[in-house]
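Protein chains in written order, with the UniProt record's numbering: chain A, 1 to 451; chain B, 1 to 451.
Glycine included, every Cβ here is placed at the ideal spot set by N, Cα and C.
Keep in mind that this is a model prediction, so the values were computed, not measured.
What follows is one structure encoded as structure tokens, with my remarks underneath.
There are 2 protein chains.
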Amino acid sequence: MMQFQLTDEFIEQVEQLIANNDDETLTSLLEEFHFADIAELLHELNTDEATYIVKLLDSEVTSEVLIELDDDYRERILDNLTPSEIADELDEMDTDDAADIIAELDDDVQKQVIGHIEDEEHAADIVDLLRYDEDTAGGLMAKELVRVKESWTVAGCVREMRRQAENVTRVHSIYVTDKHGKLKGRLSLKDLLTAPGRAHISEVYIPKVDYVNVHTEAEDVARIMQKYDLEAIPVVDDNGILVGRITIDDIVDFIKEEAEKDYQMAAGISQDVEADDGVFKQTRARLPWLLIGMFGGLGAASIISGFQEILESFPRILIFVPLIQATAGNVGVQSSAIVVQGLANNTLKGNILARLFKESGLALVNGCSIALIVLLISHFVFHTSYLESISIGAALISVILLAALIGTFIPIILDKRGIDPAVATGPFITTSNDIFGILTYFLIAKLILGF
Amino acid sequence: MMQFQLTDEFIEQVEQLIANNDDETLTSLLEEFHFADIAELLHELNTDEATYIVKLLDSEVTSEVLIELDDDYRERILDNLTPSEIADELDEMDTDDAADIIAELDDDVQKQVIGHIEDEEHAADIVDLLRYDEDTAGGLMAKELVRVKESWTVAGCVREMRRQAENVTRVHSIYVTDKHGKLKGRLSLKDLLTAPGRAHISEVYIPKVDYVNVHTEAEDVARIMQKYDLEAIPVVDDNGILVGRITIDDIVDFIKEEAEKDYQMAAGISQDVEADDGVFKQTRARLPWLLIGMFGGLGAASIISGFQEILESFPRILIFVPLIQATAGNVGVQSSAIVVQGLANNTLKGNILARLFKESGLALVNGCSIALIVLLISHFVFHTSYLESISIGAALISVILLAALIGTFIPIILDKRGIDPAVATGPFITTSNDIFGILTYFLIAKLILGF
């Protein structure tokens with residue numbers, strides 16, 4: 001396909017047209033564009049220019065554009081719109097997107113905007129969705145879906161579906177309910193295409209249907225939809241009444257955000273910061289982790305001070321501190337990453353004792369390989385004594401073993417206590433491994449060198 | 001929904017039934033299960049037991065089960081099946097899944113299996129898919145799709161679709177081609193439901209359709225489908241002939257794998273290793289990165305040895321080496337993670353000079369905060385002299401600045417040269433920052449303390 005490429009010339013042209021208030025050329029220029037491309041364009045303009053375009057184009061288009069924009073940038077544009085203008089945009093959106101956007105507004109603006117939404121049923125649906133926590137099925141679902149009653153005929157159903165389909169962007173499944181609205185099953189479009197017109201829905205529908213409750217956690221919804229390869233899943237309330245559906249595209253975003261959150265945590269960044277956020281926001285996300293590392297470093301400094309005799313009698317032991325520290329950190333991060341990912345994917349099996357043995361075995365293989373190389377290099381290149389070399393090698397094996405066990409079990413313990421194990425990766429595990437690693441190093445050196 | 005929970009009792013029951021060859025009870029017990037749940041069960045059994053179940057159940061079910069299994073485990077089960085048994089399973093699969101599985105087999109087995117596939121058209125489609133690289137649109141696509149010709153009437157189209165839909169699990173879009181098979185546009189089910197039966201397809205179809213070429217890289221396919229919120233995208237060959245389609249569920253898997261790969265790289269693990277892989281496989285994935293860290297540590301050791309005078313005159317400077325190293329590592333990982341994620345999401349904007357200024361500003365804010373705290377603590381708690389404290393503080397600011405710049409620009413440079421910037425995160429950036437950090441520290445100390 002032709003990939004859309006945003007050129008500097010094009011951006012300049014748009015800016016010029018806005019400056020000239022040349023609405024006609026601007027409209028016909030942007031008419032051909034996909035809303036995702038217009039969103040990309042708006043990000044390159046300043047807020048006033050972006051607002052100009054949002055006000056200019058049809059809200060059928062701009063409602064989709066607004067959904068695509070970054071949260072922060074969208075908020076700034078919405079600040080420039082009146083409640084009635086915002087309501088026009090929300091009128092065109094699916095209820096789930098509208099609810100997400102309205103939730104970002106101040107309480108008093110929210111009320112005004114809702115009052116201006118023309119379609120009252122749509123407004124009521126949005127208000128209803130605002131009740132749910134954003135990390136639950138209720139917070140993810142949309143109200144738009146195609147529902148039919150089990151008592152209808154196939155022909156009547158097709159007629160009714162044509163009417164309902166107007167409001168639904170994509171028909172994934174047709175949900176079948178009893179007369180009280182209780183979810184009974186589903187009907188595939190394929191079945192509907194092939195069933196005789198006079199048959200009743202109750203004769204042709206599939207009574208087996210996966211569903212989630214409004215209070216099911218988003219993470220579980222993602223897991224279920226992935227595991228069972230579902231493109232949409234119906235959502236029921238506590239009485240089994242069908243209240244909404246979640247589609248796979250909402251889940252794709254959720255999966256991506258979760259993966260990014262884990263990655264950022266491992267890198268020591270509080271979630272939700274991007275390369276283009278301001279210096280202050282980035283400092284707030286990054287400084288706390290650096291402070292943890294700093295206190296770890298100060299802890300290491302006081303451990304080294306505590307072994308005053310080494311500083312005096314065996315100064316060559318000190319030059320390998322960075323090696324010990326780097327190894328402890330790397331092993332810890334590796335072990336914790338594997339466990340965190342195993343927990344996230346639900347692929348961590350077997351009991352804790354078996355895992356202990358396995359991690360120990362793995363650490364011993366790696367530890368002995370590295371210890372042997374370092375022992376030889378330290379003795380022949382850095383001219384450490386036999387005993388010093390043996391201290392360094394023995395310390396490396398112990399440090400790798402210890403770091404692997406800390407890296408493996410801290411995430412498992414956190415997970416058992418209901419804490420997100422991803423917080424244990426990155427600076428947290430590196431810092432604790434730095435301290436324990438250096439302490440182990442000096443204790444073993446003291447034991448072997450006998451000072 | 002009722003979440004499926006695999007209990008130890010249930011596994012034991014299944015194992016007992018297999019040991020007793022009680023096929024009847026086993027079949028009726030597993031009949032009710034979703035294939036994804038059966039896959040979960042098989043992972044808990046040994047290979048022979050799993051093979052027993054695969055042979056026992058209907059291939060309509062087991063073909064789906066096999067797709068769900070981990071690659072390694074599936075290979076072991078397939079080793080226990082004859083080419084004709086494997087062919088029976090592939091007969092039931094969509095072409096994309098069948099091609100993925102057949103690609104894992106040895107060349108001679110592949111040929112035998114293909115010879116045993118009953119449906120010759122299906123076999124030809126699979127062979128055709130094997131030609132494509134797995135990281136391209138051709139490698140992701142399935143041959144199953146609903147296609148109609150623009151010259152048909154709506155009523156004729158519905159008849160023809162009923163026939164084609166038999167082979168297609170999920171109908172996302174109906175693709176419209178000219179009489180030569182060239183992709184012309186698409187038709188939504190909604191449009192088909194609402195158009196009059198006598199109308200020609202050419203009058204009702206949507207000529208605007210996103211598509212990709214068979215050689216488009218998988219990464220780009222994922223980006224396009226996400227950006228434009230597509231649930232399926234048609235694939236054309238170099239002549240514009242419609243040859244397949246890619247659905248969002250294949251992309252979900254791809255997105256997840258990519259995110260995990262980045263995370264594992266940042267943690268210093270070669271891709272594709274899981275908590276339950278064997279010790280040897282894990283060592284192969286982890287040891288290389290530990291060796292990089294080891295050589296970095298040895299480099300640091302030789303830098304410290306080079307500043308012999310410090311070891312003698314200012315031993316207190318040495319106790320802050322872990323602090324310098326930890327800070328350099330943490331800052332580097334933070335900076336690189338933000339850039340790598342920005343590159344992956346295409347959100348990194350602006351020119352390189354602006355980024356240089358911004359990262360420097362950010363590093364100075366963080367650097368000065370940490371330097372001030374450490375300067376005070378080192379002087380009052382660790383009793384370093386004024387000049388020593390100033391050396392430490394000045395070194396921290398420089399090291400943080402340097403680490404941030406290395407962390408930011410190495411990924412950008414790699415990306416410009418077409419190398420995956422994710423390799424630059426983790427041990428790679430930590431190690432280079434360790435070395436440069438410690439070197440900077442001693443150079444500044446030498447400058448200020450004047451030894």
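With a cut-off of 8 angstroms on Cβ pairs, the region 176 to 189 of chain B is in contact with the region 137 to 154 of chain B, counting three or more such pairs. Two segments are said to touch when three or more pairs of C-beta atoms, one from each, lie closer than 8 angstroms; by this definition the region 376 to 389 of chain B touches the region 298 to 318 of chain A. DSSP places B/Gly197 outside both helix and strand once states are collapsed to three, so it counts as coil.
With a minimum length of 4 residues, the unbroken runs of alpha helix (DSSP H) contained wholly in the region 311 to 389 of chain A fall at 315 to 318, 321 to 344, 352 to 380.
Cβ-Cβ distances below 8 angstroms link A/Asn213 to Ala137, Val235, Val236, Asp237, Asp238 in the same chain, with the five nearest sequence neighbours on each side left out; the list follows chain order.
Listed by position along chain A, the residues whose Cβ is nearer than 8 angstroms to that of B/Trp289 are Asn330, Gln334.
Looking at the DSSP output, A/Leu242 bridges to A/Val236.
Closer than 7 angstroms to the CB of A/Gly268 there is at least one CB belonging to chain B.
When DSSP states are grouped into helix, strand and coil, B/Asn213 belongs to the strand group. Under a criterion of Cβ atoms nearer than 8 angstroms, no residue of chain A is adjacent to B/Leu30; the nearest Cβ is some 15 angstroms distant. The CB of A/Gln282 comes closer than 7 angstroms to the CB of Leu362 in chain B, given here in chain order.
For A/Val176, the enclosing beta strand (DSSP E) covers residues 174 to 177.
Rounded to whole angstroms, the gap between the alpha carbons of B/Ile206 and A/Tyr73 is 33 angstroms. The criterion of a C-beta distance shorter than 7 angstroms is not satisfied by A/Arg163 and B/Thr194. Within the model, the alpha-carbon separation for A/Met225 versus B/Lys416 is close to 37 angstroms.
Considered as a whole, the region 56 to 83 of chain B harbours 59 to 68, 71 to 79 as its complete alpha helix (DSSP H) runs of no fewer than 4 residues, in chain order. When secondary structure is reduced to three states using DSSP, A/Thr7 falls in the coil class, being assigned neither helix nor strand.
Between the alpha carbons of A/Ala275 and A/Thr440 lies a gap of roughly 38 angstroms. Across the structure, B/Val365 and A/Thr47 are spaced so that their CA atoms are roughly 28 angstroms apart. For B/Ile269, the secondary structure class from DSSP, reduced to helix, strand or coil, is coil. Judged by beta-carbon spacing, A/Val423 lies within the 7 angstroms limit of A/Met265, meaning their Cβ atoms are closer than that value.
The distance from the Cβ of B/Asp125 to that of B/Thr95 is about 5 angstroms, consistent with a contact at the 8 angstroms cut-off. Here the region 397 to 405 of chain A lies against the region 359 to 379 of chain A, with 3 or more beta-carbon pairs under 8 angstroms apart.
In this structure B/Leu145 is in contact with B/Gly244, their Cβ atoms being roughly 7 angstroms apart against a cut-off of 8 angstroms.
Chain order gives the chain A residues near B/His34 as Tyr228, where near means a beta carbon separation below 7 angstroms. At a cut-off of 7 angstroms between beta carbons, B/Met294 contacts chain A. For B/Ser305, the C-beta contacts it makes with chain A under 9 angstroms involve Arg316, Ile319, Phe382, in order along the chain. The Cβ of B/Asn366 sits closer than 7 angstroms to at least one Cβ of chain A. A residue is called buried when at least 16 other Cβ atoms come within 10 angstroms of its Cβ; B/Pro196 does not meet this threshold and is exposed. Around the CB of A/Asp229, 16 or more other CB atoms lie within 10 Å, so the residue is classed as buried. For B/Gly437, the enclosing alpha helix (DSSP H) begins and ends at 427 to 449. The alpha-carbon of A/Gly342 is positioned some 49 angstroms away from that of B/Ile448.
The Cβ atoms of A/Gly437 and A/Gly268 lie no closer than 7 angstroms to each other. Taking 7 angstroms as the upper bound on Cβ-Cβ separation, chain B lies near residues Ile248, Asp249, Val252, Ile255, Lys256, Ala259, Glu260, Asp262, Tyr263, Gln264, Ala266, Ala267, Gly268, Ile269 of the region 246 to 270 of chain A. In terms of Cβ geometry, A/Thr430 and A/Gly329 form a close pair [threshold 7 angstroms]. Only buried fits A/Arg286, as 16 or more other CB atoms lie within 10 angstroms of its CB.
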